[in-house]
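One structure below.
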Amino acid sequence: MKLLTRTSRSYIYVSVVVFIISGLIFFNILHDIFKRQLDETLIEEQLLIEQTINYSDSVPDFRLVFGHMIDVTILNAPQSKAGYIRDTLMYDDNLGTFASFRHLFAENTSIRNKGYTINIYKPLRDSEKLIAEIVISLALVFICLLLILVVVNYFITRRVWIPFYRILQNLSQYDVNLASPLEVTKTDIYEFVLLNQAFEKMSKKIRLDFMNLKEFNENAAHELQTPLAIIKSKLELLIQKENLDENQLQLVSAVFEATTRMSKLIQGLLLISKIENNQFIQTEEVDLGFMLDKTIGHFEEMIRHRGITVSKDYQQAALPRMNPVLAEIFITNLISNAIRHNINQGRIDLLVQYNSITITNTGQVLKTDPHNLFERFRKSENLPDSVGLGLSIVQKIAILYKIRVEYLHHEGLHTLMVTFQ
Amino acid sequence: MKVLLIEDEKELSNSISDYLQNENYLCETVFDFVQAIEKINLYHYDCIIVDISLPDGSGLNLIRILKENKSETGIIIISARNSLDDKITGLEIGADDYLTKPFHLPELNARIKSIIRRRNFGGVNEISFNDIQVLPDQMEVSVKGQPLALTKKEYDLFVFFLANRDRVLTREAIAEHLWGDEMDMADSFDFIYTHIKNLRKKIIEKGGEDYIKTIYGMGYKFTDQ
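Given below as structure tokens:
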């Protein structure tokens with residue numbers, strides 16, 4: 000939910016609740032005021048009637064005077080003083096239905112010792128109508144006010160938050176790999192200025208750390224090559240010695256293999272970091288079919304040795320724009336992967352279309368989760384000596400050129416489908 | 000044959016010169032740019048092996064100076080940076096070859112031999128060993144005068160052996176020579192075994208002697224001793 004929607008919604012909810020409660024209170028107060036006023040009039044009328052009774056013992060037709068229902072009865076026996084005012088429901092001749100009335104009842108004894116009762120009925124209709132009108136007009140005013148507030152709030156908030164969204168956009172576009180610093184958004188709102196400053200500081204720090212780390216990694220890898228070269232060269236001199244026995248040769252051989260693996264590992268990691276650092280800038284149209292043929296040729300004897308049959312189906316030329324060195328590494332890794340994980344007397348099928356190449360090879364059923372296939376140092380159980388960076392490099396190159404690499408497996412057939420944009 | 004080795008890492012320099020001296024090269028070593036300039040101005044070398052990153056200058060500049068002097072010397076760059084740019088620049092300004100550290104000594108040796116052979120304009124470009132003859136320009140091999148039909152890789156392997164006679168060649172060095180660093184070592188070893196088996200068979204079929212000795216658990220050695 001957007002911040003703006005959230006605030007507007009809460010705003011409306013609270014306003015409506017406040018309005019309903021205050022409306023009810025207001026309605027009650029208004030109702031009381033009207034009732035009190037009505038009661039005062041009723042008492043005035045009662046006093047006037049009592050005056051008249053005391054004066055003459057006769058009952059004039061008050062209905063004509065006051066214009067509503069008044070019923071006065073003169074009794075011969077004196078009455079004790081009593082009375083009340085209350086709401087009542089009565090048949091209204093004018094309306095032809097039952098309606099609410101305010102009813103005053105009083106009984107007393109006049110000066111001349113005659114009892115009387117007074118009943119005055121005053122319709123509540125008018126005051127109720129008035130209250131309703133007041134409440135409705137008030138509600139209208141309130142709704143208008145609320146609408147205006149919400150709209151004004153919406154626009155103000157939207158304006159106020161513009162720099163925030165710009166900062167957010169700049170942040171999401173920020174790439175620590177690119178040299179360009181985080182773009183600074185101009186704003187005069189204090190909080191956003193602070194936010195800007197914090198992000199700017201943070202991005203500079205991240206970039207610096209990142210660069211240092213990258214530099215360190217690369218330097219470390221390069222510097223490691225020299226001692227490795229020394230170890231290797233010394234070992235090579237050592238094995239030329241005539242007086243080494245078989246056991247000693249075995250030991251040297253193990254050291255030699257480990258050293259070779261280590262230098263391959265470093266080379267692989269360096270390559271990955273170079274790809275990640277986008278150090279292969281120059282691109283050209285690369286004919287992948289041609290490159291597949293070249294790679295197959297390179298491994299031809301190994302393919303023959305393992306009795307693998309290669310079948311090609313080049314439907315259209317695939318010519319993506321890539322760095323030629325990376326394209327070669329990409330294809331070589333895919334093909335050597337297809338050879339390495341193949342079975343003797345197996346098969347490799349190559350399919351080239353204008354926007355994709357598909358490499359299918361026979362092989363043993365994968366024991367690991369195919370999702371982990373592209374992870375670094377993911378090795379096959381059958382080939383524990385491999386470095387385990389091949390497919391990881393493939394994936395890095397794929398990410399660089401927005402190439403989709405999909406792995407499918409079906410009954411001993413492993414398919415890697417590579418789709419270009 | 001005179002070789003100048005310009006490498007600031009003393010131990011690596013020792014190893015290389017040690018290996019090359021056994022090949023009957025006269026190997027001189029210098030450890031920095033200034034010494035190297037002195038040497039190349041004073042003497043003639045058949046081949047110069049130069050490290051790009053020297054403490055007091057770039058090996059690339061040394062190559063430029065050599066080329067300005069119209070030197071015919073063969074040049075091999077050795078570098079810890081597997082950088083394509085360095086490689087392209089190096090080869091463009093006149094280097095003959097480029098090797099990335101860490102490399103195998105037999106590989107360096109084979110490349111030096113190939114360069115010196117190519118520069119030997121007057122003489123016949125030929126490698127011979129007892130009853131074996133190789134014509135590198137034609138990529139032809141003959142045993143006792145009979146031509147030997149070899150595949151490209153078998154030929155490469157054979158020439159690699161000939162360049163490193165009487166030396167133990169590890170399987171790693173052979174694999175890297177044949178396939179570069181693209182190959183994972185693990186799966187190429189038993190393929191090398193088959194390759195060598197075929198090579199032996201072909202030579203013996205032509206009445207040649209089996210010069211390839213297996214060094215158990217380590218590699219192979221081409222020798223007539």
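Residue numbers (numbering that gives the first Met the number 0), protein chains in the order written: chain L, 0 to 420; chain W, 0 to 224.
Think of the CB as a built atom: it goes at the ideal place given N, C-alpha and C, for glycine as much as any other residue.
For residue i, name the three-state secondary structure that DSSP assigns.
i	result
ARG110/W	helix
ASP92/L	coil
ARG85/L	strand
ILE227/L	One detail in the question is off: residue 227/L reads as Leu in this sequence, not Ile. In this structure, LEU227/L counts as helix in the three-state DSSP scheme.
VAL422/L	A query on residue 422/L cannot be resolved here, the shown segment of chain L reaching from 0 to 420 and no further.
PHE329/L	helix
ALA138/L	helix
ASP84/W	helix
PRO122/L	strand
PRO323/L	helix
VAL58/L	coil
GLN132/W	strand
SER79/L	coil
VAL404/L	strand
Residues of chain L with CB closer than 9 Å to the CB of residue i, please, in chain order.
i	result
SER14/W	ALA228, ILE229, LYS231, SER232, LYS233, GLU235, LEU236
By how many angstroms is the C-alpha of residue j removed from the C-alpha of residue i?
i	j	result
ARG8/L	PRO180/L	38 Å
LEU243/L	LEU149/W	33 Å
TYR12/L	SER136/L	21 Å
GLU106/W	LEU161/W	12 Å
GLU44/L	VAL58/L	13 Å
TYR115/L	ALA105/L	8 Å
ARG66/W	THR88/W	In the sequence as presented, Arg is not what sits at residue 66/W; that position holds Lys. Answer to the nearest angstrom: the Cα atoms are 14 Å apart.
LYS395/L	ILE274/L	7 Å
TYR173/L	MET416/L	31 Å
ASP70/L	LEU145/L	50 Å
GLY267/L	LEU388/L	6 Å
LEU234/L	PHE255/L	7 Å
ASN108/W	MET0/W	13 Å
PRO226/L	LYS213/L	21 Å
ARG35/L	HIS67/L	18 Å
PHE32/W	TYR97/W	19 Å
LEU236/L	ASN176/L	44 Å
ILE126/W	GLU241/L	26 Å
LYS231/L	SER202/L	43 Å
ASN322/L	PHE289/L	15 Å
GLN34/W	ALA94/W	20 Å
8 Å is my cut-off, CB to CB: does residue i come that close to chain L?
i	result
THR28/W	no
VAL158/W	no
VAL190/W	The sequence given here places Phe at residue 190/W; Val does not occur at that position. By this cut-off, PHE190/W is an interface position.
MET217/W	yes
LEU98/W	no
LEU3/W	no
Compare the C-beta of residue i against all C-beta atoms of chain W and say whether one is closer than 8 Å.
i	result
ARG290/L	The sequence shown places Met at residue 290/L, not Arg. So, not an interface residue.
SER310/L	no
GLU300/L	yes
GLU245/L	yes
HIS304/L	yes
PHE255/L	yes
SER202/L	no
SER252/L	yes
Given the structure, does residue i come close to the ligand FMN, in the sense that its CB is under 7 Å from one of the ligand's heavy atoms?
i	result
ASP348/L	Because no ligand of any kind appears in the structure shown, any question about the ligand FMN cannot be addressed here.
Taking residue i as the query, report the chain L residues whose CB atoms sit under 7 Å from its CB, ordered along the chain.
i	result
ALA79/W	HIS221, GLN224, THR225
PRO101/W	GLN224, LEU227, ALA228, LYS231, SER262
VAL167/W	ILE238, GLN239
LYS152/W	GLU300
LEU147/W	Result: empty, since nearest Cβ-Cβ is about 16 Å, beyond 7 Å.
Counting only beta-carbon separations shorter than 8 Å, does residue i have a partner in chain C?
i	result
HIS408/L	Absent from the structure is chain C; the protein chains it does hold are L and W.
Closer than 7 Å by beta-carbon distance: list the chain W residues that pair up with residue i, in chain order.
i	result
GLN249/L	GLY216
Mind listing the chain L neighbours of residue i? Cutoff is C-beta to C-beta under 8 Å, in chain order.
i	result
GLU8/W	THR225, ALA228, ILE229
ASP17/W	LEU236
THR193/W	HIS304
LEU11/W	THR225, ALA228, ILE229, SER232
Taking one C-beta from the region 334-343 of chain L and one from the region 298-307 of chain L each time, how about it: are there three or more such pairs within less than 8 Å?
yes
Contact the region 278-298 of chain L vs the region 404-415 of chain L: 3+ CB pairs below 8 Å
no
Count Cβ pairs between the region 7-17 of chain W and the region 81-95 of chain W that sit closer than 8 Å; are there 3 or more?
no
At least 3 beta-carbon pairs within less than 8 Å: the region 215-223 of chain L vs the region 116-135 of chain W
no
Can you find at least 3 beta carbon pairs, one from the region 256-269 of chain L and one from the region 37-49 of chain W, that sit closer than 8 Å?
no
Are at least three pairs of beta-carbons, each pair with one atom in the region 91-105 of chain L and one in the region 119-132 of chain L, less than 8 Å apart?
yes
Are at least three pairs of beta-carbons, each pair with one atom in the region 12-21 of chain L and one in the region 72-79 of chain L, less than 8 Å apart?
no
Should the region 44-54 of chain L be called in touch with the region 156-165 of chain L, which here means at least 3 C-beta pairs below 8 Å?
no
Any contact of the region 58-73 of chain W with the region 141-158 of chain W, i.e. 3+ C-beta pairs under 8 Å?
no
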